[in-house]
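>
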Amino acid sequence: MRRTTARPHSAPRHRTARWSASLAAGALLLAGCGEPGTQQDAAPAEGAYPVTVENCGAEVTFDAAPERMVLLKSASVPYLAALDVLDQVVARAGQYPSEYYDEETLAALEEVPSLTERTDTSGHLQISREVVIGQEPDLVLGQVDNLERSTLAAVDIPLLEEPALCPEWDQEPGWDDIYAQMRLYGEVFDEVDRAEEAASALEAEVEQVRADAAGGPALTAAVLYPTVGGGVTYAYGTHSMAHPQLEAAGLENVFGDVDQRVFEIGVEELLGRDPDVLVLLHSDGDPAVVERAVTSLPGAGELTAVREGRLVTQLFNFTEPASPLAVEGLRRLVAAVGESG
139 MRRTTARPHS APRHRTARWS ASLAAGALLL AGCGEPGTQQ DAAPAEGAYP VTVENCGAEV
199 TFDAAPERMV LLKSASVPYL AALDVLDQVV ARAGQYPSEY YDEETLAALE EVPSLTERTD
259 TSGHLQISRE VVIGQEPDLV LGQVDNLERS TLAAVDIPLL EEPALCPEWD QEPGWDDIYA
319 QMRLYGEVFD EVDRAEEAAS ALEAEVEQVR ADAAGGPALT AAVLYPTVGG GVTYAYGTHS
379 MAHPQLEAAG LENVFGDVDQ RVFEIGVEEL LGRDPDVLVL LHSDGDPAVV ERAVTSLPGA
439 GELTAVREGR LVTQLFNFTE PASPLAVEGL RRLVAAVGES G
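For what it's worth, our numbering labels the leading residue of the sequence shown as 139, then goes sequentially.
1) For Arg445, is the classification buried or exposed, using 16 other Cβ atoms within 10 angstroms of its Cβ as the cut-off for buried?
2) Please check the pair Val228 and Val208, which I expect to be a contact at CB under 8 Å, by giving their CB distance rounded to whole angstroms.
3) With a cut-off of 8 Å on the beta carbons, I'd call Glu481 and Thr376 a contact; round off their distance for me.
4) Entirely within the segment 236 to 322 and at least 4 residues each: give me those alpha helix (DSSP H) ranges in chain order.
5) Should Arg448 and Asp414 be called a contact, given that it needs their Cβ atoms to be closer than 8 Å?
6) Between the C-alpha atoms of Leu463 and Leu419, what's the straight-line distance to the nearest angstrom?
7) Does the segment 360 to 373 touch the segment 427 to 443, meaning 3 or more C-beta pairs lie closer than 8 Å?
8) Assuming Asp412 and Leu441 are in contact, meaning their beta carbons sit under 8 Å apart, how far apart are those beta carbons, in whole angstroms?
9) Exposed or buried, which one is Gly324 when buried takes at least 16 other CB atoms within 10 Å?
10) How would you call Glu406, buried or exposed, if buried means at least 16 neighbouring beta carbons within 10 angstroms?
11) Spatial neighbours of Leu253 within its chain, please: CB distance less than 6 Å, with the 5 preceding and 5 following residues excluded, ordered by chain position.
12) Cα separation between Thr259 and Asp422?
13) At 3 residues or longer, and completely inside the segment 376 to 457: list those beta strand (DSSP E) runs for me, N to C.
14) In three-state terms, what does DSSP make of Leu210?
15) Please classify Val355 as buried or exposed, where buried requires at least 16 other C-beta atoms within 10 Å of its C-beta.
16) Which residue wins for smallest C-alpha separation from Thr358, given the options Ser338, Ala349, Val293 and Leu409?
17) Apart from the five residues just before and just after Val427, which ones in its own chain have a Cβ nearer than 8 Å to its Cβ?
18) If you draw a straight line from the alpha carbon of Gln273 to that of Gly437, how long is it in whole angstroms?
19) Could you check whether the segment 315 to 333 touches the segment 200 to 219, counting it as contact only if at least three pairs of C-beta atoms, one from each stretch, sit closer than 8 Å?
20) Is it right to say Arg469 is buried, meaning 16 or more other beta carbons lie within 10 angstroms of its own, or is it exposed?
21) Decide if Ser288 is buried, meaning its Cβ has at least 16 other Cβ atoms within 10 Å, or exposed.
22) Quick one: residues in its chain with C-beta nearer than 7 Å to the C-beta of Val472, no 5 flanking neighbours on either side, listed in chain order?
23) Apply the 10 Å Cβ neighbour rule to Gly476 and answer buried if 16 or more other Cβ atoms are within range, or exposed otherwise.
24) Answer yes or no: do Ser461 and Pro296 have a C-beta to C-beta separation smaller than 8 Å?
25) Between Val370 and the rest of its own chain, which residues show a CB-CB distance below 6 Å, the 5 nearest in sequence each way excluded?
26) Between which two residues does the alpha helix (DSSP H) harbouring Pro462 extend?
27) Taking the C-alpha atoms as reference points, what is the distance between Val250 and Gln226?
28) Using DSSP's beta-bridge definition, name the partner residues of Val227.
29) Taking Asp314 as the reference, give the member of Phe456, Leu244, Ser338 and Ala443 with the closest Cα.
30) Tell me, please, which residues DSSP counts as bridged to Gln371.
31) What number of angstroms, rounded off, separates the C-alpha of Gly280 from the C-alpha of Ser478?
32) With distances taken from CA atoms, which of Leu322, Glu242, Leu303 and Lys211 is nearest Glu197?
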């Protein structure tokens, strides 16, 4: 197994996801307007191992590009697809909805053995540490409750998590985090140039969608994760990717005064803030069932969003965490709000 270390931080492959067509177009658009040498100056030389990156407050060192990855979350797939390294994944766990990916990416994922798809009612993966460690990975992507970084480090297996999902995350995520994470993966896999091109194209796409949304009606919105079948309803504040996504879509987050990523809310608070638009996130299943989980709440019929039919249901990774899928989610959100009037 390749040597990797993680320590506390002190002072011809398969591609690509659904946004790849516009990503390529953005790359062509930007190719003629960059300053000569900018990309080369901004990135380390390719093939320079060992490579050390910072992730969730830890420094993770790679002696070579990973060749036996295990996916525990789907958020990293668009990065891997853009960098053409999906064929280095040897196992996956959790749910990978087909709506996230194009046919080629789906085909690549279907070739990867699934360890389990079992999740709890909040969408959290249920898997044993022994099953994951038994795959002998040289990189695990995504942290779950019973398989922390320290557990994997004890058996010399590195972990990379999306920054906004880090346990100690206390910042407000933004679009720049997506571009930075793409470049981080570029370093890890020795695909620096490809990562730079992908990051620049994503940035161009976000700015284009933001421009398309400008000048629309002044509407408020809330992003929720309802529990289907009854239970807690969660809302997203400024420490979630939902907040900058709403801003880029020209919407005001009614929970923009809450400095948290996700938190429980009651129907009374939702009624008090009364958003014009409700964005409902879910991990899988029928969107109509997710909508009913909200519209069936006592008093929900009084909400402006419900009365005027402005309910937008979309899969979780189209908003959270910060990843290229959030760029596609932004495009879908703007389109859906425009269609709702």
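For each residue, glycine too, the CB sits at the ideal point set by N, CA and C.
This is what the structure holds:
1) exposed
2) 7 Å
3) The displayed coordinates of the chain run from 139 to 479. Any statement about residue 481 would go beyond what the structure contains.
4) 241 to 248, 267 to 271 and 287 to 291
5) yes
6) 13 Å
7) yes
8) 6 Å
9) buried
10) exposed
11) Ala229, Ala231 and Val269
12) 11 Å
13) 389 to 391, 400 to 403, 415 to 420 and 449 to 453
14) coil
15) Looking at the sequence shown, residue 355 is not Val but Pro. Counting Cβ neighbours within 10 Å, Pro355 comes out exposed, since fewer than 16 surround it.
16) Leu409
17) Val366
18) 49 Å
19) yes
20) buried
21) exposed
22) Val347, Asp350, Ala351 and Ala387
23) exposed
24) no
25) Glu402
26) Pro462 to Ser478
27) 10 Å
28) Met207
29) Ser338
30) Note that residue 371 is Thr in the sequence shown here, rather than Gln. Partner(s): Pro364 and Ile403.
31) 35 Å
32) Leu322
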